[in-house]
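>
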Amino acid sequence: MKSLVKYTLLFILAAGIWPAAHAADARDAYKYFFNDSFGDFKEELQNARAQGKKGIMVFFEMDECPFCHYMKENVFSQAEVQAYFRANFLLLAVDIEGDVEMVDFNGEHIKQKDFAARHRVRATPVIGFFDLDGNKTTRYTGRTADANEFMLLGKYVLDEHYKTMPFVNFKRDTRWATAP
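Going left to right, the sequence shown walks through residues 1 to 180 as this note's numbering numbers them.
1) Kindly confirm or deny that the region 48-61 and the region 89-101 touch, where touching means at least three C-beta pairs closer than 8 Å.
2) Can you give me the start and stop residues for the alpha helix (DSSP H) that Ala87 sits inside?
3) With a 10 Å radius around its C-beta and 16 neighbouring C-beta atoms as the bar for buried, classify Ala117 as buried or exposed.
4) With distances taken Cα to Cα, identify the nearest neighbour of Phe85 among Met62, Asn35, Asp40.
5) Compute the Euclidean distance between the alpha carbons of Gly98 and Met151, then round it to the nearest angstrom.
6) Please look up how many angstroms separate the CB atoms of Val183 and Thr138, rounded, as I've assumed it's under 8 Å.
7) Label Phe252 either buried or exposed according to how many other C-beta atoms from any shown protein chain fall within 10 Å of its C-beta, with 16 as the threshold for buried.
8) Return the chain-ordered list of same chain residues with a C-beta closer than 8 Å to the C-beta of Val75, the five sequence neighbours on each side being excluded.
9) I need the straight-line Cα distance from Gly134 to Phe105, nearest angstrom please.
10) Going by the CB atoms, is the gap between Tyr140 and Leu132 shorter than 7 Å?
11) Any heavy atom of the ligand FMN closer than 6 Å to the Cβ of Ile96?
12) Who are the Cβ neighbours of Ala23 in its own chain at under 6 Å, not counting the five residues just before and after it?
13) Where does Lys31 sit, in a helix, a strand or coil, going by DSSP?
14) Thinking C-alpha only, which one of Lys72, Gly107, Ser37 is nearest Ile127?
15) Closer than 7 Å by C-beta to Glu44: which residues in its own chain qualify, once you throw out the five before and the five after it? Chain order, please.
16) Identify every residue that forms a DSSP beta bridge with Met165.
17) Measuring only the C-alpha atoms, how far is Ile110 from Ala83?
18) Ends of the alpha helix (DSSP H) at Gly52?
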């Protein structure tokens, strides 16, 4: 009987059925997570206010970053994550090596890479949360362990726990049990 189970699992993995089943749960991050933007962050602040958002999340990334890909493929691709973050934040991405011109929160024309440098982003990913006045409230460097930790990060920002404690303490105190 154990051999039958073992060979069935090997067949499923070899045939690609397991990855296909997992991929069916995932949705494209650029279509369902990130908001469309013309790169005018000053205007995006107005859009966020008009839409009743609590703030703006900026995902600082670069093409070659495996941890950025992990976040897009395993965290931002989850329907629950997409629904929660889209309901509460305007979600934007910035290429830290990008020469594309954008407008920062103050209305200044600047290249994406210079905007990232101004926010001291040198390694990726960095997830920056900004209030509706364009002030940075929270910075998270690196990838989260999984979607659950990212959801907890969202709750941390949304409930303004950043005003009283670092995320690592919030995570420890909640024991990851209170993700939204």
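The C-beta atom is built at its ideal place from N, Cα and C for all residues, glycine as well.
From the atom records:
1) The answer is yes - the region 89-101 touches the region 48-61, with three or more Cβ pairs under 8 Å.
2) What you label residue 87 is simply residue 87 of the sequence shown in a count that begins at 1. Element bounds for Ala87: 79-88.
3) Stepping through the sequence shown from its first residue, residue 117 is reached at position 117. Counting C-beta atoms within 10 angstroms of its own C-beta, Ala117 has fewer than 16 neighbours from the protein chains shown and is therefore classed as exposed.
4) The sequence position of residue 85 within the sequence shown is 85, counting from 1. Nearest C-alpha to Phe85 among Met62, Asn35, Asp40: Asn35.
5) Reading the sequence shown from its first residue, position 98 is the one you call residue 98. Reading the sequence shown from its first residue, position 151 is the one you call residue 151. Cα-Cα distance, rounded: 28 Å.
6) Not covered by the structure: residue 183. The range shown for the chain is 1 to 180.
7) Residue numbering for the chain in the displayed model covers 1 to 180; residue 252 lies beyond these limits and cannot be assessed.
8) Stepping through the sequence shown from its first residue, residue 75 is reached at position 75. Cβ contact annotation for Val75 (same chain, cutoff 8 Å, sequence separation greater than five): Val81, Arg143, Thr144, Asp146, Ala147, Phe150, in chain order.
9) As a working note, residue 134 is residue 134 in the sequence shown. As a working note, residue 105 is residue 105 in the sequence shown. CA-to-CA, the gap between Gly134 and Phe105 works out to about 5 Å.
10) Looking up residue 132 in the sequence shown gives position 132. Looking up residue 140 in the sequence shown gives position 140. In terms of Cβ geometry, Leu132 and Tyr140 do not form a close pair [threshold 7 Å].
11) With respect to the ligand FMN, the structure offers nothing, as it holds no ligand at all.
12) Indexing the sequence shown from 1 puts residue 23 at position 23. Residue placement at Ala23 is poorly supported in this model, since its pLDDT is 45, which falls under 50; the coordinates still yield a value, given next. Its chain contains no residue whose beta carbon lies nearer than 6 Å to that of Ala23 once the 5 sequence neighbours on both sides are disregarded.
13) Here residue 31 refers to the residue found at position 31 when the sequence shown is read from its first residue. DSSP places Lys31 in helix when its eight states are reduced to three.
14) The count along the sequence shown starts at 1 and reaches residue 127 at position 127. For the residues Lys72, Gly107, Ser37, the minimum Cα distance to Ile127 belongs to Lys72.
15) Position 44 of the sequence shown holds residue 44. For Glu44, where only same-chain residues beyond five positions count, the Cβ hits under 7 Å are Ser37, Ile56, Leu90, Leu92.
16) As a first step, residue 165 is located in the sequence shown; it is residue number 165 there, counting from the start. Beta-bridge partners of Met165 (DSSP): none assigned.
17) The count along the sequence shown starts at 1 and reaches residue 110 at position 110. The count along the sequence shown starts at 1 and reaches residue 83 at position 83. Ile110 and Ala83: Cα-Cα distance of roughly 31 Å.
18) One-based indexing of the sequence shown puts residue 52 at position 52. Run containing Gly52: none; DSSP gives neither H nor E here.
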